[in-house]
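Visitor:
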Amino acid sequence: MTTFRSNSYNAVICGAGPAGLMAAYQLGKLTGCGGRILLLDKKEPWKEPIFCAEAVSTHRLNELWPIDESWVRGSISGIYFTSPKGYKAEFYSKDCGRLLDRSKFHHAIADACVEAGVECRFDALVKSISRSENGWNLNVQVGEEFFEISAKTVIDATGPGCRLTRGIPCLEGIESGDTDLEPGIFAVAEGIEHKRDHIDLFYGSEFPGGYGWIFPRDGKEVNIGFVLAKDAKPDMPLREKLKHFIDTHYPGASIKAIYGGMIACGQSNKPLAKCGLFKAGDAASCVNPMSRSGIVEALLSGKITAEAVYEWLNASDDDARVRIEASVLDRWMASLGKSHLQIARAKPGLAKIKDEQFDKAAERLSKLPREKQTLLRIFFAVLWSCPSVIWKMRSFLH
Numbered sequence: 000m001t002t003f004r005s006n007s008y009n010a011v012i013c014g015a016g017p018a019g020l021m022a023a024y025q026l027g028k029l030t031g032c033g034g035r036i037l038l039l040d041k042k043e044p045w046k047e048p049i050f051c052a053e054a055v056s057t058h059r060l061n062e063l064w065p066i067d068e069s070w071v072r073g074s075i076s077g078i079y080f081t082s083p084k085g086y087k088a089e090f091y092s093k094d095c096g097r098l099l100d101r102s103k104f105h106h107a108i109a110d111a112c113v114e115a116g117v118e119c120r121f122d123a124l125v126k127s128i129s130r131s132e133n134g135w136n137l138n139v140q141v142g143e144e145f146f147e148i149s150a151k152t153v154i155d156a157t158g159p160g161c162r163l164t165r166g167i168p169c170l171e172g173i174e175s176g177d178t179d180l181e182p183g184i185f186a187v188a189e190g191i192e193h194k195r196d197h198i199d200l201f202y203g204s205e206f207p208g209g210y211g212w213i214f215p216r217d218g219k220e221v222n223i224g225f226v227l228a229k230d231a232k233p234d235m236p237l238r239e240k241l242k243h244f245i246d247t248h249y250p251g252a253s254i255k256a257i258y259g260g261m262i263a264c265g266q267s268n269k270p271l272a273k274c275g276l277f278k279a280g281d282a283a284s285c286v287n288p289m290s291r292s293g294i295v296e297a298l299l300s301g302k303i304t305a306e307a308v309y310e311w312l313n314a315s316d317d318d319a320r321v322r323i324e325a326s327v328l329d330r331w332m333a334s335l336g337k338s339h340l341q342i343a344r345a346k347p348g349l350a351k352i353k354d355e356q357f358d359k360a361a362e363r364l365s366k367l368p369r370e371k372q373t374l375l376r377i378f379f380a381v382l383w384s385c386p387s388v389i390w391k392m393r394s395f396l397h
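With numbering that gives the first Met the number 0, letter number 148 in the sequence shown gets 147, and the count goes up by one each step, no holes.
1) Residue 90 by DSSP, collapsed to three states: which one?
2) Just to confirm the assignment: which complete beta strand (DSSP E) runs, minimum length 3, are found wholly within the region 92-120?
3) Residues in its own chain within less than 8 Å of residue 331 by CB, not counting five upstream and five downstream?
4) Is it right to say residue 145 is buried, meaning 16 or more other beta carbons lie within 10 angstroms of its own, or is it exposed?
5) Tell me which same chain residues have a C-beta within less than 6 Å of the C-beta of residue 395, skipping the five on either side of it?
6) Looking only at its chain, what residues have a beta carbon closer than 6 Å to the beta carbon of residue 93, apart from the 5 residues adjacent to it on each side?
7) Quick check on DSSP: helix, strand or coil for residue 339?
8) Whole angstroms is fine: what's the gap from residue 276's alpha carbon to residue 305's?
9) Where does residue 356 sit, in a helix, a strand or coil, going by DSSP?
10) Identify the residues that DSSP records as bridge partners of residue 136: which are they?
11) State yes or no: is the beta carbon of residue 283 nearer than 8 Å to at least one beta carbon in chain B?
12) If you reduce the DSSP assignment to three classes, tell me which class residue 81 lands in.
13) Using only alpha-carbon positions, find the residue among 311, 228, 28, 119 that is nearest to residue 106.
14) Among 209, 269, 224, 357, which residue has its Cα nearest to the Cα of residue 326?
15) List the DSSP bridge partners of residue 197.
16) Compare the C-alpha of residue 180 against each of 89, 329, 261, 164 and name the closest.
17) If you follow the alpha helix (DSSP H) that residue 228 is in, where does it begin and where does it stop?
18) Give the straight-line distance between the Cα atoms of residue 222 and residue 215, rounded to the nearest whole angstrom.
19) Less than 6 Å between C-beta atoms, sequence neighbours within five positions excluded: which residues of the same chain meet that for residue 82?
20) Could you give the C-beta distance for residue 237 and residue 259, rounded to a whole number, given that I count them as a contact under 8 Å?
21) Considering only C-alpha positions, which residue in the set 9, 61, 206, 5 is nearest to residue 310?
22) Can you tell me where the beta strand (DSSP E) holding residue 277 begins and where it ends?
23) Three or more beta-carbon pairs under 8 Å between the region 26-39 and the region 114-132, yes or no?
24) Going by C-alpha to C-alpha distance, which of 245, 288, 25 sits closest to residue 184?
25) How would you write the range of the beta strand (DSSP E) that residue 7 sits in, first residue to last?
26) Less than 8 Å between the beta carbons of residue 398 and residue 308, yes or no?
27) Which same chain residues end up closer than 6 Å to residue 231 when comparing Cβ atoms and leaving out the 5 residues on each side of it in sequence?
28) Sorted by chain position, which residues of the same chain lie with C-beta nearer than 7 Å to residue 339's C-beta, five sequence neighbours on each side aside?
29) Can you give the Cα-Cα distance for residue 405 and residue 314, rounded to whole angstroms?
30) On the criterion of 16 or more Cβ atoms from any shown chain inside 10 Å, does residue 175 qualify as buried, or is it exposed?
31) Please name the residue, chosen from 218, 280, 264, 98, that lies closest to residue 290 on a Cα-to-Cα basis.
32) When DSSP builds the beta bridges, which residues end up paired with residue 173?
33) Kindly identify the DSSP beta-bridge partner or partners of residue 260.
34) Is DSSP giving residue 64 helix, strand or coil here?
35) Look up residue 434 in the DSSP assignment and say whether it is helix, strand or coil.
36) Based on DSSP bridge pairs, tell me the residues matched to residue 224.
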């Protein structure tokens, strides 16, 4: 028979992705080993993690979690921006990024959670939550057994959508994580020529409203895929489109596996906490709307959320708790949310850039010395090739 250490917790974190893991670790560290913190997921976070692109900024990651080379696949020193005709602009910065082994990375944070006194159960699915007089009740399934657990606070780090929070009156209007859900698909493949320390990004009408990519993995394998705007109307199913892209450009490639799903790429002004329930990670719509990067963003979101929950647990009255809940959005906005809102406003304009304009900008940039191909120069070269976009983006540029 499965048992939990307790049937009552100060905080229960639902979902053990980067945001949930970070939130659990921070809460364990802040509250000490007796903090009664519970982290739940239906599977171990180091088994079958979503690979995504696995690339992160070295500097930004190191600010949140000290880099250990044991869970790093390699370094990134550059990005190719490839136009429809194959012209390449190159941004170069030695060791500017890291390629993560997500399984090992998740395992490392989970181990740190245990060391911080967090009770981790990676065989438990939260079926539903309901409001109670003293907080929240969680209906949890472990195998064929069901358990009722109570918590003063709950952190929803279950990903985009609002499976846990839908239909609960006191949570009406809270962030749902589905402001701008975009379809993404990628393959793990071999036999594709690439530079191990460079990312290759592809732009143009082949990927309406989004972009294609090649991310190196281990020197042999790559992650190759694309993301499209949510209102894109591809000319074939995404799986077929990916295979067609690979067959057309890399006919000798061998596809080992294909993964797909929806990416939460929006940013809203909706509350991130109400009634002792806090949102984190994709459930809080913290993904960068343009790059669609989300690993470091999720870690930061988890940290911000944990700090707010700790304050909430130590607050002296309900008015103070309400103020803390309202402050979570402000904290996120001050860190990344405000810039994400600006980027989200700019995205429709960038989606209107035509193939010939991408080609014109990339061809011009490709003739410059590498050291002059800065990210800012690349960005404005693309805009300069399409003056109407600059006008449409004037509010963003200011």
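For glycine and all other residues, C-beta sits at the position ideal for the given N, C-alpha and C.
Guide: Let me lay it out:
1) Mapped onto the sequence shown, residue 90 falls at position 91. Three-state result, residue 90: strand.
2) 118-120
3) What you label residue 331 is simply residue 332 of the sequence shown in a count that begins at 1. The residues are 271, 283, 285, 300, 303.
4) What you label residue 145 is simply residue 146 of the sequence shown in a count that begins at 1. Classification for residue 145: exposed.
5) Here the question's residue 395 lines up with position 396 in the sequence shown. Confidence is the limiting factor: at residue 395 the pLDDT is only 38, short of 50, which leaves the residue's position unreliable, though a coordinate-based value still follows. Cβ within range, chain order: 341, 344, 345.
6) In the sequence shown, counting from the first residue as 1, residue 93 sits at position 94. Excluding positions up to five away in sequence, the list reads 76.
7) Mapped onto the sequence shown, residue 339 falls at position 340. Correct three-state label for residue 339: helix.
8) Start at 1 with the first residue of the sequence shown, and residue 276 comes out as number 277. Start at 1 with the first residue of the sequence shown, and residue 305 comes out as number 306. So the alpha carbons of these two residues sit roughly 12 Å apart.
9) For the purposes of this step, residue 356 is taken as residue 357 along the sequence shown, with counting starting at 1. Looking at residue 356 - three-state DSSP - the assignment turns out to be helix.
10) Working through the sequence shown from its first residue, we reach residue 136 at position 137. DSSP output for residue 136 lists 129, 149 as bridge partner(s).
11) No chain B is present in this structure, which holds just one protein chain.
12) For the purposes of this step, residue 81 is taken as the residue at position 82 of the sequence shown. Three-state DSSP puts residue 81 in a strand.
13) Taking the sequence shown and counting its residues from 1, the one referred to as residue 106 is at position 107. Measuring from the Cα of residue 106, the nearest candidate turns out to be 119.
14) On the sequence shown, residue 326 is found 327 positions in, with the first residue counted as 1. The candidate whose alpha carbon is nearest that of residue 326 is 269.
15) Counted from its first residue, the sequence shown places residue 197 at position 198. Partner(s): 77.
16) Along the sequence shown, read from residue 1 onward, the residue named residue 180 stands at position 181. Cα-wise, what sits closest to residue 180 is 261.
17) Walking along the sequence shown from the start, residue 228 turns up at place 229. No alpha helix (DSSP H) contains residue 228, which DSSP labels as neither H nor E.
18) In the sequence shown, counting from the first residue as 1, residue 222 sits at position 223. In the sequence shown, counting from the first residue as 1, residue 215 sits at position 216. For residue 222 and residue 215, the distance between alpha carbons rounds to 6 Å.
19) By 1-based counting over the sequence shown, the position of residue 82 is 83. Hits under 6 Å: 357, 358, 361.
20) Counting from one through the sequence shown, the residue named residue 237 turns up at place 238. Counting from one through the sequence shown, the residue named residue 259 turns up at place 260. About 6 Å; that satisfies the 8 Å criterion.
21) Your numbering for residue 310 matches position 311 in the sequence shown. Checking every option, the nearest Cα to that of residue 310 belongs to 9.
22) As a working mapping, residue 277 is identified with position 278 in the sequence shown. Note, residue 277: beta strand (DSSP E), 276-278.
23) yes
24) Within the sequence shown, residue 184 is the residue found at index 185, counting from 1. For residue 184, the nearest C-alpha among the options comes from 245.
25) Residue mapping note: residue 7 aligns to position 8 of the sequence shown, counting from 1. 7-13 is the span of the beta strand (DSSP E), which, as asked, contains residue 7.
26) Here the chain has residues from 0 to 397 only, and residue 398 is not among them.
27) Reading the sequence shown from its first residue, position 232 is the one you call residue 231. Within the same chain, residue 231 has close Cβ partners 207, 208.
28) Locating residue 339 in the sequence shown gives position 340, counting from the first residue. So the qualifying residues of the chain are 266, 287, 288.
29) Because residue 405 is not part of the residues shown, which for the chain are 0 to 397, the question remains open.
30) The sequence position of residue 175 within the sequence shown is 176, counting from 1. By the neighbour-count rule (16 or more Cβ atoms within 10 Å), residue 175 is buried.
31) As a first step, residue 290 must be located in the sequence shown, where it is residue number 291. Out of 218, 280, 264, 98, 264 has the C-alpha closest to the C-alpha of residue 290.
32) On the sequence shown, position 174 is the one that residue 173 refers to. Residue 173 is not bridged to any residue.
33) In the sequence shown, residue 260 corresponds to position 261, counting from 1. In the DSSP output, where bridge partners are listed per residue, residue 260 has 183.
34) Counted from its first residue, the sequence shown places residue 64 at position 65. Coil, per DSSP.
35) As shown, the chain starts at 0 and ends at 397. That puts residue 434 outside it, with no answer to give.
36) Residue numbering aside, residue 224 sits at position 225 when the sequence shown is read from its first letter. Note: residue 224 sits in a beta bridge opposite 185, 212.
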